[in-house]
Amino acid sequence: KTSEDRLKVHKMKKKVLRKQVRAQHTLMRHEGIECISHATQSLVIANAGLGNGMSRHQLLRIVEEYGLVEKLLMPLNKPYSFVQYGTTEEAKKAFDALNGKEVTLEDFGQNIVLYINFVEKVFWQNAAPTSLPPGLMVIEKIISPEEERRMLESIDWIGDEDSQNAQKTLKHRRVKHFGYEFCYDNNNVDKDKPLPGGLPEICDLFLEKCLKQGYIKHKPDQLTVNQYEPGQGIPPHIDTHSAFEDEIISLSLGAEIVMDFKHPDGHTVAIMLPRCSLLVMAGESRYLWTHGITPRKYDVIQASELGRKVGTITADVGDLTLNRRETRTSFTFRKVRRGPCNCIYLSVCDSQKGQQRQVQPSFPHNEMEASKLEQEYVHKVYEEIASHFSSTRHSPWPRIVEFLRSLPKGSIVADVGCGNGKYLGINEDLYMVGCDRSKNLVDICGEKNFQAFVCDALSVPIRSGSCDACISIAVIHHFSTAERRLATIRELARLLRPGGMALIYVWAMEQEYKTQKSKYLKEKSVSKDKEEEINTRTAQRPLSDQMPDSSSQDSACFDRLSKDSKDKGCDAKPAAASTLPVHTNRTSFHSQDLLVPWHLKGGTKKKGENVDTVLFPAGSKESQELSPVFHRYYHVFCEGELEAACRSLDCVRVQKSYYDQGNWCVVLEKL
């Protein structure tokens, strides 16, 4: 070689070394993974990741030339990958051959240079599998390939240019409307100007099938047909509430695609929509989550056969690859709404901007009213807020942990009202099973590999006398009559064997006890300014004139239980014949029966601002930043009330009664 050639080689080696060192620093800074100087079985390959267009198939073919590949990890959206060989010699062989080598990305036609480093064993923690947004379904193979062909052929993108159906070519796709034209300038339809011709006849059989299967309640009268070429998509959006009814269904034809869903709290879910599948959005997934298709030519999908099937895209670094998009056509059916939307998602509902709910629930006077109240203001709410609620419930309470760890090894324990399973894994020496009324919370337990099932605390499908212990943490205060609260305690006792123990926690009326404020009051400093005083008086007024009368079904039982409460100095009474007050978070209680707000976190909390106590008109900009507010029913217990209820049962003995950070607690023994 000439001196000029040697100089070029020298410069190239210096460049490769410089890039190699830069890759080391990047990996350490972003992932905390340290590259090492001595040879191991494991390599990190910079510039060969999903994030810069390298597919698993191509990279595997490259690295397999140098030995047996035991593991290939490709983290989501990262520009590097990890490969583990069977021997150190094979890894060194790959290092020598590939470091500084230029390759062409097959799917992009772009040249890249690989930079290699040795690493110790890489333990990459995969993201937990995610659930579908509530109210969302994907039905595979809803139509046959022949039906797909006929539906695609029914749309003439060229011959219909001047036809009666509205057709537009948008920046990211071609679109055609039937029934009513959707106006993208105001995201609505002109309900007084239907398009001639209605929906295509070929859709009739398909829609009849959807009605028969219960995917939709009403036959749609609006159809939007979108055609996407690779690299095209739709921006994230929520279909306007006032324009369309609840269920929105979309048929994927021609190719599969990944659609992205995002909750206001920032939680995202990527969902594979296979070819010939039907997407059904209803409830929360329709009204609250945005959905969109990112404009790109490739989707990141599961490399296994699951990649072609319905489901969320799980960030399994050992099973991700790139999938080239093809031309996809969607048939999206909607039912035009003829009145204002009355959903519960006020902050994102255009029909209810600036409005507050005028109707508040009343205290129940019979079993039917109690069941309905709990269904609307407990069960439904926890289904809606399950994900956000779970994210705030991760620290076990010490005295509950102490109770569980005090139980003998091998004890069978039922957690009735287990929520996200916070206590199910506390003591591995116990056989614990959980149950909860919320399916979404039980699903979260399943994602954590805990044993849990859906049921009501009033009727737990476990054999009588089969449990050594039970816990009921923050559950019984959600039952709206004294009879129903007593019935849940009786049900706990039924599960226990003689000598078995139960621990019960309920929210206390007394959030300041023995001159000490509870954690609930301490966590947020309550502003004393004029505006909040007005809001507090309006939202939560004393109910001294709203006492239960003698005809109330609940009064006889409550009179017996509240006598002990009075003796302990608790003055508040349950609401009776009027609407339930709405509590102002992080303040003392003024009523035993009330609605407690839950703010789904969506916006950014301003410095010094107390999200829970600042009140804005629903639909205002500030309210939208705070996201939807849900109201949960509570009966907060006075001192002695829980203990009195337990003592009224002749099958149990109260072993201990105590106050723990704003909660009244009882330990029972089955006689």
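First residue of the sequence shown? That's 1071 in our numbering, and the numbers climb one at a time after it. Don't be surprised by glycine CBs; every beta carbon is placed ideally from N, CA and C. The structure presented is a predicted model; accordingly, all values stated were derived computationally and were not measured.
The beta carbon of F1659 sits closer than 8 Å to the beta carbons of M1579, Q1581, A1642, H1653 and V1706 from its chain, once the five residues preceding and following it are set aside; these are given in chain order. Going by DSSP, G1516 is part of no beta strand (DSSP E) but of the alpha helix (DSSP H) stretching over K1509 to E1517. With contacts defined by Cβ atoms closer than 9 Å, S1073 and T1391 do not form a contacting pair. Closest by C-alpha distance to L1146, out of C1537, A1539, E1472 and D1369, is D1369. Between the C-alpha atoms of K1163 and K1148 there is a straight-line separation of about 25 Å. Under the 10 Å beta carbon count, L1358 is surrounded by 16 or more other beta carbons and is classified as buried. For R1475, the CB contacts under 6 Å within the same chain, skipping 5 residues up- and downstream, are N1497 in chain order.
In this structure, the straight-line span from the alpha carbon of E1140 to that of R1567 is close to 51 Å. In the pairwise beta carbon analysis, the region 1493-1508 is classified as not touching the region 1553-1567: fewer than three pairs are separated by under 8 Å.
For P1568, the uninterrupted beta strand (DSSP E) run begins and ends at L1566 to W1577, by DSSP. Here I1341 is buried, its C-beta having at least 16 other C-beta atoms within 10 Å. Following the DSSP letters along the chain, one finds Q1297 inside the beta strand (DSSP E) bounded by residues Q1292 to Y1298. Contact between I1308 and R1404 does not hold, since the beta-carbon distance rounds to 13 Å and is not under 8 Å. Per DSSP, reduced to three states, the secondary structure at T1338 is strand.
For W1227, DSSP assigns no beta-bridge partner whatsoever. Minimum Cα-Cα distance from S1727 among the listed residues E1713, R1717 and D1720 corresponds to E1713.
In this structure S1224 is exposed. Its beta-carbon is surrounded by fewer than 16 other beta-carbon atoms within 10 angstroms. When DSSP states are grouped into helix, strand and coil, R1702 belongs to the strand group. Cα atoms of A1456 and A1167: separation of roughly 51 Å, rounded to the nearest angstrom. Closest in C-alpha terms to E1172, from the list L1573, I1132 and A1109, comes I1132.
For the options V1451, L1738, F1523 and S1441, the alpha carbon positioned closest to that of D1485 is the one of F1523.
Across the structure, Q1297 and S1322 are spaced so that their CA atoms are roughly 10 Å apart.
Inclusion of D1274 and H1458 in the CB contact set at 9 Å is not warranted, their separation being larger than that value. Here M1571 is near L1738, since their CB atoms are less than 9 Å apart. In this chain, the beta strand (DSSP E) harbouring E1140 covers V1139 to L1143.
Between R1469 and K1492, the gap from beta carbon to beta carbon reaches 9 Å or more.
V1471: member of the alpha helix (DSSP H) spanning P1468 to R1475, first to last residue. Within the region 1087-1159, the runs of alpha helix (DSSP H) that reach at least 4 residues and sit entirely inside it are, in chain order, 1126-1133. W1734 counts as buried, since at least 16 other C-beta atoms from the protein chains shown sit within 10 angstroms of its C-beta.
Judged by beta-carbon spacing, E1446 lies beyond the 9 Å limit of E1553, meaning their Cβ atoms are not closer than that value. Straight across, the Cα-Cα distance linking P1203 with H1095 is about 38 Å. Here M1144 is buried, its C-beta having at least 16 other C-beta atoms within 10 Å.
In the three-state reduction of the DSSP assignment, H1333 falls in the coil class.
One thing to note: V1406 has its Cβ within 9 Å of the Cβ of D1291. Note on geometry: alpha-carbon atoms of T1397 and D1226 lie some 15 Å from one another.
A distance below 7 Å between beta-carbons, with the five flanking residues on each side excluded, links D1420 to the following residues of its chain, in chain order: T1310, H1311 and S1312.
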